[in-house]
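First the structure, in the form of structure tokens, and then the observations on it.
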Amino acid sequence: MQIERKSLAVATAIALGIIVAGCGNKDSSSGKQGAAPASGVPAAPSGQLPPQHPPLTPELSKDLAQQQAAQGQGQQAAQPPKPAHEGKLQVDPTQKFTQFNVGEKNVKTIYVDGKLVWIGTSGGTIRYDSSDDTFKIFDSSNGLLSNGAFYVGKIKGRITVGTYGGGMSMLNDDGRTWKNYNIPDGVGDSFIYKVLEAKNGDIWIATWSGVNRVRGGALDETAKWDLFTVENTKGGLPNDWVYSLEEGKDGVIWLATEGGVARFTNGKWENWNHAKGVGAPYEKVKEATAFKSDPGKASEHHARQKREMGLQDVDVAYNPNYIVSLAIDQDGLPWAGTWGGGLSHFDGKRWKTYTTAEGLPGNHIFSLHTDRNGQLWVGTNKGVVQWQGDKAVGAVLTAADGLVADNVFSMATTPDGGKWLGSYGGVTYLRPAK
Numbered sequence: 298m299q300i301e302r303k304s305l306a307v308a309t310a311i312a313l314g315i316i317v318a319g320c321g322n323k324d325s326s327s328g329k330q331g332a333a334p335a336s337g338v339p340a341a342p343s344g345q346l347p348p349q350h351p352p353l354t355p356e357l358s359k360d361l362a363q364q365q366a367a368q369g370q371g372q373q374a375a376q377p378p379k380p381a382h383e384g385k386l387q388v389d390p391t392q393k394f395t396q397f398n399v400g401e402k403n404v405k406t407i408y409v410d411g412k413l414v415w416i417g418t419s420g421g422t423i424r425y426d427s428s429d430d431t432f433k434i435f436d437s438s439n440g441l442l443s444n445g446a447f448y449v450g451k452i453k454g455r456i457t458v459g460t461y462g463g464g465m466s467m468l469n470d471d472g473r474t475w476k477n478y479n480i481p482d483g484v485g486d487s488f489i490y491k492v493l494e495a496k497n498g499d500i501w502i503a504t505w506s507g508v509n510r511v512r513g514g515a516l517d518e519t520a521k522w523d524l525f526t527v528e529n530t531k532g533g534l535p536n537d538w539v540y541s542l543e544e545g546k547d548g549v550i551w552l553a554t555e556g557g558v559a560r561f562t563n564g565k566w567e568n569w570n571h572a573k574g575v576g577a578p579y580e581k582v583k584e585a586t587a588f589k590s591d592p593g594k595a596s597e598h599h600a601r602q603k604r605e606m607g608l609q610d611v612d613v614a615y616n617p618n619y620i621v622s623l624a625i626d627q628d629g630l631p632w633a634g635t636w637g638g639g640l641s642h643f644d645g646k647r648w649k650t651y652t653t654a655e656g657l658p659g660n661h662i663f664s665l666h667t668d669r670n671g672q673l674w675v676g677t678n679k680g681v682v683q684w685q686g687d688k689a690v691g692a693v694l695t696a697a698d699g700l701v702a703d704n705v706f707s708m709a710t711t712p713d714g715g716k717w718l719g720s721y722g723g724v725t726y727l728r729p730a731k
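Here it is as structure tokens:
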């Protein structure tokens with residue numbers, strides 16, 4: 298794909314950058330909610346947030362000078378350098394790209410709805426209208442229950458946001474107000490990573506405490522809400538932290554969890570982890586997963602992951618059971634992105650894994666995206682690349698080529714085939730080749 302400059306109104310784009318970059322670190326949330334759960338729906342566990350998650354609901358501020366450093370580190374192997382020229386549109390006359398920075402925040406989700414581009418960050422959800430270069434920011438000041446967004450998409454024809462600690466919010470028909478769903482309404486947890494509307498009308502919600510299924514999409518009928526956990530599936534769901542959901546062929550629901558990949562078919566569960574073929578062995582990737590700054594020393598969550606793999610004495614970020622991303626190919630079969638163990642593909646019988654040895658730019662697969670042409674895009678800790686079959690196609694794109702940063706956490710395709718790529722610090726737009 299050719300990287301082209303996207304034409305933006307500079308003043309508006311700079312304003313967008315400044316407002317987004319002005320996300321401070323003042324915490325206005327109440328964390329995990331302690332309200333009584335809906336009947337039959339277990340409440341989320343209480344306690345502190347695992348260290349891999351950004352702080353909740355930082356307040357938006359237009360005063361760039363007062364910006365405070367927010368962690369926003371999400372699922373990344375090592376903290377990248379602070380973005381240069383924070384809060385300003387970056388247009389390099391020698392390059393053919395457009396980018397804008399959002400400060401020390403992650404762009405964890407992007408959704409394209411015609412001319413509208415929804416950008417979910419750890420400090421607000423932006424609605425950008427590419428037809429007239431206008432934008433609006435949604436946060437806890439105007440209807441969302443949390444500023445941080447893991448997911449933005451369209452469910453039942455309505456824009457839906459899965460938030461950090463604020464449950465799920467759906468935009469009302471007026472385009473300004475939101476209807477919120479949280480633990481008292483049946484949601485298993487107030488941290489929502491992904492929402493999926495299946496072809497049969499069921500709605501699936503990936504949370505930090507299992508996965509919800511809302512039968513027939515009847516969100517306002519509590520009796521239609523199910524919650525699947527490790528306990529009530531007898532281990533069929535391998536871990537209660539569910540990071541992604543996708544629908545494969547024949548209505549199969551695939552789930553990415555911190556304990557491997559799960560499959561739900563006609564009421565039955567099956568799962569795969571590293572012992573069953575997911576992710577590359579440590580010996581194959583150890584050189585590519587070593588870091589000068591060991592994440593296990595800064596995060597008890599990552600330290601626990603290392604202990605599970607017997608790597609507590611090694612400066613490494615590696616756990617192939619930790620499925621960070623998920624995509625379905627044209628055959629209806631899954632690709633799973635692991636934490637340091639590369640990219641795994643299921644052919645219907647077994648898993649095969651690809652790493653930097655086979656052409657990936659990095660072994661931490663933060664995001665996977667199947668575009669409108671069925672092409673798989675792989676976002677890693679060291680850039681993004683297109684992948685076909687068992688090899689990379691085209692060049693790896695990195696910060697040196699115009700991306701905001703090497704780590705790519707989110708991707709979306711425009712109607713004309715352009716790509717929006719979200720990173721730590723901002724978003725890059727790639728125009729399709731003519």
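Heads up: the sequence shown at position 228 corresponds to 525 in the working numbering, and the numbers run straight through without jumps.
Virtual Cβ for every residue (Gly too), placed ideally from N, Cα, C.
Everything numeric in this text was worked out from a predicted model, so none of it was measured.
Quick check on residue i: buried or exposed, where buried means 16 or more other Cβ atoms within 10 Å of its Cβ?
i	result
Glu-401	buried
Arg-728	buried
Val-277	The shown model of the chain, from 298 to 731, leaves out residue 277, and the question about it has no answer.
Arg-424	buried
Glu-543	buried
Pro-712	exposed
Pro-535	buried
Pro-658	buried
Thr-635	buried
Thr-460	buried
Lys-565	exposed
Ala-696	buried
Lys-679	buried
Asn-444	buried
Thr-562	exposed
Ala-633	buried
Can the beta-carbon of residue i be found less than 8 Å from the beta-carbon of residue j?
i	j	result
Ile-456	Trp-522	no
Ile-489	Phe-435	no
Ile-502	Met-465	yes
Gly-691	Thr-725	no
Leu-694	Val-681	yes
Ile-686	Gln-396	Note on identity: in this sequence residue 686 is Gly, with Ile being the wrong assignment. Taking 8 Å as the Cβ cut-off, Gly-686 and Gln-396 do not qualify as a contacting pair.
Pro-631	Gly-545	yes
Gly-548	Asn-497	yes
Val-705	Thr-667	no
Thr-710	Val-458	no
Ile-550	Ile-500	no
Could you name the residues of the same chain whose beta carbon sits closer than 6 Å to that of residue i, not counting the 5 residues immediately before and after it, in chain order?
i	result
Thr-418	Val-399, Lys-402, Val-404
Gly-507	Gly-485, Leu-524, Phe-525, Thr-526, Asp-537
Glu-555	Asn-536, Trp-538, Tyr-619
Tyr-478	Gly-464, Met-465, Val-484
Trp-648	Gly-574, Val-575, Ser-641
Phe-643	Leu-630, Pro-631
Gly-671	Gln-627
DSSP puts residue i in a beta bridge; with which residues?
i	result
Lys-716	Thr-710, Leu-727
His-571	Note: His-571 sits in no beta bridge, so no partner.
Gln-685	Lys-688
Ser-664	Gly-676
Phe-561	Ile-550, Trp-566
Arg-510	Trp-501, Asp-523
Thr-460	Ala-446
Val-539	Thr-554
Asn-403	Tyr-721
Take residue i and list the residues in its own chain whose beta-carbon comes closer than 8 Å to its own, dropping the five residues that flank it on each side.
i	result
Gly-557	Pro-535, Asn-536, Asn-568, Trp-569, Asn-570, His-571, Lys-573, Val-575, Asn-618, Ile-620
Ser-428	Lys-412
Keeping to the same chain, check which residues put their C-beta closer than 7 Å to that of residue i; ignore five residues upstream and five downstream.
i	result
Val-582	Tyr-615, Gly-637, Gly-638, Gly-639, Thr-652, Asn-660
Gly-294	Because the chain in this structure spans residues 298 to 731, residue 294 falls outside the shown range and cannot be described.
Ser-707	Val-404, Lys-405, Thr-406, Ile-407, Ser-664, Gly-719
Since residue i and residue j are thought to touch, with beta carbons under 8 Å apart, how far apart are those beta carbons, to the nearest angstrom?
i	j	result
Gly-287	Glu-494	The shown model of the chain, from 298 to 731, leaves out residue 287, and the question about it has no answer.
Ala-624	Leu-673	6 Å
Lys-476	Ser-541	That belief does not hold up - the Cβ atoms of Lys-476 and Ser-541 are roughly 24 Å apart, past 8 Å.
Please indicate yes or no: does the CB of residue i lie closer than 7 Å to some heavy atom of the ligand ZN?
i	result
Ser-466	The ligand ZN is absent from the structure shown, which contains no ligands of any kind.
Using a Cβ-Cβ cut-off of 8 Å, state whether residue i counts as contacting chain B.
i	result
Pro-617	In the displayed structure, chain B is absent; only one protein chain is listed.
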